[in-house]
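In my numbering, the protein residues as written are 17 to 528.
Backbone N, C-alpha and C fix where the C-beta goes; we use that ideal spot for every residue, glycine too.
Working notes, beginning with the structure itself.
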């Protein structure tokens, strides 16, 4: 049975490993990328619009007047001063620093076409004059005149074949439209719409009148199946028309334009109830065009010919404003700009679909290793690290006995003894033991020790004088018996004894 602490640590390691495996299939932050960008083929995406704009630029019949289309995600501001910037349904709104960059871009001659996120339309970019609020539920009922149910688009992606076939600018008829009947507040009659709510199982539940109606309507209708947490509860679908549409269109929005900072505002699209949905105004040398909803640019709207023509008309109108921005300069500057564009010295104004506010939401700030492209590999590396840590921490099988023994060399032992004697100041004992060692060694070679009367014989062997041998041996004997010895005295005697012993061994030339 394992100890309780070991079992607790094993449980923690196993939980970490299991968590890494679960995160391979279920990531806590969810999807990082919005489904409403120009890469998405969902109903709220803008992939169909982007492909259609590219096709119009490449089509020989429209390439002469339709500009180049570029999609950028590395920077917010286009390279050209007179490009048309499309900020449609961003996943986040610009920061104050980014708003200042947009202000300078528009003020210098660029054109900004802005549409808020349909799930969160509240945005204020006051330096640009943009102020959009979310439509309240009661206001949506009052404008629609009927129950403001959430007209959520049918779930599911738009396939590439359907997108290409239905967004072609040359299509003359809408074979893909699905007609439904919605009552218009202006005419009181039935009008057609290109969207229908998903079919519900079973018979529909009849709406129930509320005893205290909300302002703006004679009788407020609330369905028992109403989802009060649905962000699209305040969606309004009205008939709208304007200077850029050939016929009335169905305008789906969750926001309303509440403030326009600049004078000379041009209303490009207005609903039957009198609400301005697309407005434009001049700012500096540039133009700001604000839409209350991005729905007209979505993949679902590209199935409808009127909505498709309205979306393209807005973009073409924005591009014309950008290309003509130099007309506010002097005629000499404008002519020089036209000549530089015609000669190819300067690039013609482009339409730039910006994805910068979509890709810079989370993962560029937290690290590329947790981005959707590298997330799986990162989790696998973390799982391997957890397993290695678990195997290193936990002992699997019986313990292996340690057969290694601590051994020390002679030099290490001598150094240890020397350090010990140095700190104990026991130099006399060292000298006495060294004298005894030399005496025993000499007795083995000559049959006698270090007696003073044998000084002459020792002098003959070592090459030293007899008096020097007697004097140094006497000093060594005296120092070995002394209780107070200095380190310098002990070192000096040991050096002489070592030299004397070396000479007794016959190494006179080396020590000479």
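* **From 455, 328 and 473, residue whose alpha carbon lies closest to that of residue 466** => Checked all of 455, 328 and 473; the closest Cα to residue 466 is 455.
* **Inter-residue Cα distance where the pair is residue 509 and residue 411** => If you take the alpha carbons of residue 509 and residue 411, they lie about 57 Å apart.
* Span separating the alpha-carbon of residue 515 from that of residue 434 -> Approximately 19 Å, taken between the alpha carbons.
* Please go through the same chain and pick out, in chain order, the residues whose beta-carbon is closer than 8 Å to the beta-carbon of residue 91, but skip the five residues on each side of it. => Result list for residue 91: 372, in chain order.
* To do: Confirm, please, whether the CB-CB distance from residue 471 to residue 485 is below 7 Å.
  => With contacts defined by Cβ atoms closer than 7 Å, residue 485 and residue 471 form a contacting pair.
* Asked: What do you reckon, are the CB atoms on residue 251 and residue 267 nearer than 7 Å?
  -> If you check the CB distance, residue 251 and residue 267 do not come in under 7 Å.
* What's the C-alpha gap between residue 35 and residue 107? -> So the two alpha carbons sit approximately 29 Å from each other.
* Neighbourhood of residue 51 by C-beta, 8 Å cutoff - its chain only, sequence neighbours within 5 removed -> Within the same chain, residue 51 has close Cβ partners 58, 60 and 61.
* Rounded distance between the beta-carbons of residue 128 and residue 10, thought under 8 Å -> Absent from the model: residue 10. The displayed extent of the chain is 17 to 528, so no value can be given.
* **Contact set for residue 437: own chain, Cβ-Cβ below 8 Å, skip 5 residues either direction** => Once the five neighbours on either side are set aside, the close Cβ partners of residue 437 are 443, 445 and 446.
* To do: Compute the Euclidean distance between the alpha carbons of residue 492 and residue 502, then round it to the nearest angstrom.
  => Their backbone Cα atoms lie some 13 Å apart in a straight line.
* To do: Within the same chain, show all residues whose beta-carbon is closer than 8 Å to that of residue 116, passing over the 5 residues directly before and after it, in chain order.
  => The beta carbon of residue 116 is closer than 8 Å to those of 143 in its chain, skipping five residues each way along the sequence.
* Is there contact between the region 293-300 and the region 25-32, where contact requires at least three CB pairs shorter than 8 Å? -> With the cut-off at 8 Å, the region 293-300 and the region 25-32 do not touch.
* To do: Give me whichever residues DSSP pairs with residue 87 in a beta bridge.
  => As computed with DSSP, residue 87 is found in a beta bridge with 369.
* Since residue 286 sits in a beta bridge, which residues does DSSP pair it with? -> Residue 286 pairs with 257 and 292.
* Looking only at its own chain, which residues have a Cβ that is under 7 Å from the Cβ of residue 104, when we skip the five neighbours before and after it? -> Same-chain partners within the cutoff: 62, 131, 310 and 313.
* Would you please state the rounded distance, in angstroms, between the beta carbons of residue 82 and residue 72? I believe it to be under 8 Å. => Their Cβ separation, rounded to whole angstroms, is 5 Å, which keeps residue 82 and residue 72 in contact under 8 Å.
* **CB-CB length for residue 138 against residue 302, believed under 8 Å** => Wrong, their Cβ atoms sit about 25 Å apart, outside the cutoff.
* Please check the pair residue 327 and residue 100, which I expect to be a contact at CB under 8 Å, by giving their CB distance rounded to whole angstroms. => Not quite, the Cβ-Cβ distance comes to about 14 Å (not below 8 Å), so this is no contact.
* Asked: Which word fits residue 157, buried or exposed, when buried means at least 16 other C-beta atoms lie within 10 angstroms of its C-beta?
  -> Counting of Cβ neighbours within 10 angstroms places residue 157 among the buried residues, the total reaching 16 or more.
* In whole angstroms, what separates the C-alpha of residue 413 from that of residue 449? -> Rounded to whole angstroms, residue 413 and residue 449 show a C-alpha spacing of 53 Å.
* Asked: Would residue 258 pass as a contact of residue 285 if the rule is Cβ separation under 7 Å?
  -> In contact: residue 258 and residue 285 (Cβ atoms closer than 7 Å).
* To do: Determine the DSSP secondary structure at residue 31, reduced to helix, strand or coil.
  => When DSSP states are grouped into helix, strand and coil, residue 31 belongs to the helix group.
* Buried or exposed by the 16-neighbour rule on C-beta atoms within 10 Å, applied to residue 38 -> Within 10 angstroms of the beta-carbon of residue 38 lie fewer than 16 other beta-carbons, which makes it exposed.
* Given a threshold of 16 other Cβ atoms within 10 Å of its Cβ, counted over all protein chains shown, does residue 95 qualify as buried or as exposed? -> Counting Cβ neighbours within 10 Å, residue 95 comes out exposed, since fewer than 16 surround it.
* Between the beta-carbon of residue 40 and the beta-carbon of residue 395, is there less than 7 Å? -> The Cβ atoms of residue 40 and residue 395 lie closer than 7 Å to each other.
* Could you check the C-alpha separation between residue 25 and residue 385 for me, to the nearest Å? => When only Cα atoms are considered, residue 25 and residue 385 end up about 28 Å apart.
* Can you check whether the CB of residue 392 is closer than 7 Å to the CB of residue 98? -> No.
* To do: Apply the 10 Å Cβ neighbour rule to residue 20 and answer buried if 16 or more other Cβ atoms are within range, or exposed otherwise.
  => Its Cβ having fewer than 16 others within 10 Å, residue 20 is exposed.
* Do residue 297 and residue 283 have their CB atoms nearer than 7 Å? -> In this structure, residue 283 does not lie closer than 7 Å to residue 297 by Cβ.
* **Nearest neighbour of residue 332, chosen from 87, 457, 367 and 66 [CA to CA]** => Among 87, 457, 367 and 66, the Cα nearest to that of residue 332 is on 367.
* Cut-off 7 Å between Cβ atoms - residues of its own chain near residue 511, not counting five sequence neighbours on either side -> Within the same chain, residue 511 has no close Cβ partners at all.
* Assign residue 151 to one of two classes, buried (16 or more other C-beta atoms within 10 Å of its C-beta) or exposed (fewer than that). => Counting the other Cβ atoms within 10 Å of the Cβ of residue 151 gives 16 or more, which makes it buried.
* Same chain, Cβ closer than 6 Å to residue 488, five either side skipped, listed in chain order -> Cβ neighbours of residue 488 beyond the five flanking positions: 512.
* To do: Could you work out which residue in 520, 423, 430 and 146 is closest to residue 274 when comparing CA atoms only?
  => For residue 274, the nearest C-alpha among the options comes from 146.
* Alpha carbon to alpha carbon, how far is residue 135 from residue 270? -> When rounded, the distance between both Cα atoms is 8 Å.
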